[in-house]
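If you're matching positions, the sequence shown starts at 0 in numbering that gives the first Met the number 0 and goes up one per residue.
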Amino acid sequence: MSAPPVSSLVTVRGAILKKSSTLALPQALAEVRDLQRTVIVLRAELEAAHQERQRQVQDALTATHNEARQIRATVTSLRATLELAQIDREAAVKTAIAAGQAEIMHLRDGVAALREQLERRTLEQSDALQHAATGHRAEIAQLHDTIRALRSSLEARHAAAR
0 MSAPPVSSLV
10 TVRGAILKKS
20 STLALPQALA
30 EVRDLQRTVI
40 VLRAELEAAH
50 QERQRQVQDA
60 LTATHNEARQ
70 IRATVTSLRA
80 TLELAQIDRE
90 AAVKTAIAAG
100 QAEIMHLRDG
110 VAALREQLER
120 RTLEQSDALQ
130 HAATGHRAEI
140 AQLHDTIRAL
150 RSSLEARHAA
160 AR
C-alpha cells in the first residue's frame, strides 16, 4: 500500500476546511495561536528550568570540588602533623633511652665505687680486728706470764714461810 501524494492530502484538507463553517476557522486559528504561544512559554520555561538545573549542577560540582580540596588539605595537614608527632615521639624515646643508659652507667659506677669502698673497709676492719686480736693474745699471754710469776713468787713465799 502506498501513501497518497502530498498534493492530494492538501486538496482533501482544503476541502474539509471549506466545508467547515466560516466561524470555526477563526476559532481554530485562534486556538492554534494560543497553542503556539503555550508552546513558546513552555519552551521558555523548559529552557529556564534546564538552565537553572545546569546552574545547580555546576554549583554542586563547584561546592564538591571545593570540599574535596579542603578535605585533601586537611588530610595533608593531618599527615604532616602526624609525621611531626612521630618524629617528636621517636626523639623523645631516643632521649629517654640515652638518659636511662647514662643513669645506668652512673649507677654502675656508683655501685663499683661503693663495692671497692666496702671491700677496702672490710679489709681494714679485718686487719684492725686481727691486730686487736693479736694485741689481746699478747696481753693475755703477758697476763698469764705475770700470773705464773706471781704464783711462783707466792708459792715460794708460802713455802719459805712454812
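The beta carbon of each residue, even a glycine, is placed where N, CA and C say it ideally should be.
Everything numeric in this text was worked out from a predicted model, so none of it was measured.
Cutoff 8 Å; reference residue i; Cβ partners in own chain excluding five residues on either side
{"i": "E115", "result": "none"}
Residue range of the alpha helix (DSSP H) that includes residue i
{"i": "R54", "result": "A23 to A160"}
Counted within 10 angstroms of its Cβ, other Cβ atoms place residue i as buried (16 or more) or exposed
{"i": "V5", "result": "The predicted model places V5 with a pLDDT of 48, which falls under 50 and marks its position as unreliable; any figure quoted below should be read in that light. Flag for V5 reads exposed."}
{"i": "A155", "result": "exposed"}
{"i": "R161", "result": "exposed"}
Close-in-space but distant-in-sequence residues of the same chain around residue i (CB under 7 Å, 5 per side omitted)
{"i": "V9", "result": "For V9, the predicted model reports a pLDDT of 49, less than 50, meaning its position is unreliable and no value from the coordinates is stated."}
Same chain only: Cβ atoms within 6 Å of residue i, ignoring 5 sequence neighbours per side
{"i": "G109", "result": "none"}
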